[in-house]
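Residue numbers (my numbering): 501 to 824. Here the structure is laid out as structure tokens; the discussion comes afterwards.
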Ligand SMILES: [Zn+2]
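So, in structure tokens, the structure goes:
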């Protein structure tokens, strides 16, 4: 494999130069980068690309999906490379990296650009992972598989949807997503509890179905010096559906949903991250605004509790015939 002879930030200028020469980035205007700017950000230790505007404040999780966000370190070797409305995470090591989630098709080149802007080489990504098999988190994975050459690992219930780009009736929102998304050629199954390892990296898969059958949450540890924290990327837990699906018609799904929520409540979780960054106030927490703290050991438990309340309300609505 290709290994950086220099720390990634020292390769920022070279990586950006390569991107420009190769013409492999449809460089969005607002995301124009310069080697000098990236290098000075690297010197400051932030790894931010300072000429990419911060995401506008918003409380609408449906906004900003295809707006490039400034890539930045979350903690240690965990980096935000997604957009203003959709999370993508790069977890790095000297022996290769793991990329979690691919956002939309339109956003996928922005994710690749963000990886490069931080000085990392997409070809050093060894595995692609996914939170759940819906277009806003998976439609960019085909592009990112081409950019990285990495296989996508997913739990069995998600494999067929990711591989074909089309879901079936086991997806509560199937009728909303009939258009499908670009199929991912190489998808390998992994089990609940499986560990994905690259060098010193070890990420653990947790089955958290319910929003989709294949929903998966991920945990790993990141360190800054001697300070190590538990990172938890928890999948969406909203019990949303199209007009025809009723959760109460699928008791096995409901049981698995509840088990997944129990799992989420007890995950090792110092830093909580969600597929929609606003769902966990990630940007405010990174900036330390609104009294928000990046580290919050109770966040996963509260997230699971809100998911449980949402599910039980949904089941109650179904019991009295209220339409979704
Ligand atoms: Zn979804």
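Quick reminder that beta carbons are idealized off the backbone N, C-alpha and C, glycines included.
Inspect the CB distances between the region 587-606 and the region 614-628 and report whether three or more fall short of 8 Å.
yes
With DSSP run on the structure shown, which of helix, strand or coil describes residue 575?
strand
Cβ contact check for the region 646-657 and the region 723-740: 3 or more pairs under 8 Å
Fewer than three pairs of CB atoms, one per stretch, sit closer than 8 Å, so the region 646-657 makes no contact with the region 723-740.
Where are the alpha helix (DSSP H) runs, 4 residues long or more, that stay fully inside the region 587-651, in chain order?
608-617, 635-638, 641-648
Minimum C-alpha distance to residue 718 - residue among 643, 706, 620
706
Starting from residue 800, trace the alpha helix (DSSP H) both ways and give me its first and last residue.
799-819
Residue 508, DSSP secondary structure in three states
Interpretation of residue 508 is limited by its pLDDT of 35, a score under 50 that renders its predicted location unreliable; no figure is taken from the coordinates.
Hey, would you say the C-beta of residue 634 is under 6 Å away from at least one heavy atom of ligand 1?
yes
Once you ignore the five residues that flank residue 683 on each side, which residues in its own chain have a CB closer than 7 Å to its CB?
642, 663, 664, 665
For residue 730, the first and last residue of its enclosing beta strand (DSSP E)
727-733
Below 6 Å, is the gap between the Cβ of residue 736 and the nearest heavy atom of ligand 1?
yes
Straight-line gap, residue 525 to residue 801 (C-alpha atoms, nearest Å):
Note that residue 525 scores 28 on pLDDT, short of 50, meaning its location in the model is unreliable and no value can be drawn from it.
Quick check: the Cα distance between residue 797 and residue 743, rounded to an integer number of angstroms?
Going from the Cα of residue 797 to the Cα of residue 743 covers about 37 Å.
Suppose contacts are defined by Cβ-Cβ distances below 7 Å. Is residue 622 in contact with residue 615 by that definition?
yes
Under the three-state DSSP convention, the category residue 780 falls into:
Residue 780 sits in a helix when the DSSP states are folded into three classes.
Enumerate in chain order the residues of its own chain whose CB-to-CB distance from residue 748 is below 8 Å, with the five nearest sequence positions on each side excluded.
754, 815, 818, 819
Are the CB atoms of residue 652 and residue 687 within a distance shorter than 7 Å?
yes
Am I right that residue 724 and residue 575 are in contact with their C-beta atoms under 8 Å? What's the rounded C-beta distance?
7 Å
Using the Cβ count rule (16 or more neighbours within 10 Å means buried), how would you classify residue 790?
exposed
Between the alpha carbons of residue 507 and residue 595, how many angstroms are there, rounded?
Low local confidence applies: a pLDDT of 33 at residue 507 is under 50, so the model's placement there is unreliable, with the coordinate-based value given in what follows. So the two alpha carbons sit approximately 12 Å from each other.
Is it the case that the Cβ atoms of residue 587 and residue 639 are separated by a distance below 7 Å?
no
Roughly how many angstroms separate the alpha carbons of residue 613 and residue 644, rounded to a whole number?
11 Å
On the DSSP letters alone, give me the boundaries of the beta strand (DSSP E) that residue 704 sits inside.
701-707 is the extent of the beta strand (DSSP E) around residue 704.
Please state whether the Cβ-Cβ distance between residue 745 and residue 689 is less than 7 Å.
no
With burial defined as no fewer than 16 other Cβ atoms inside 10 Å of the residue's Cβ, what is the status of residue 568: buried or exposed?
buried
Compute the distance between the beta-carbons of residue 712 and residue 632, then report whether it is under 7 Å.
yes
Does DSSP put residue 758 in a helix, a strand or coil?
helix
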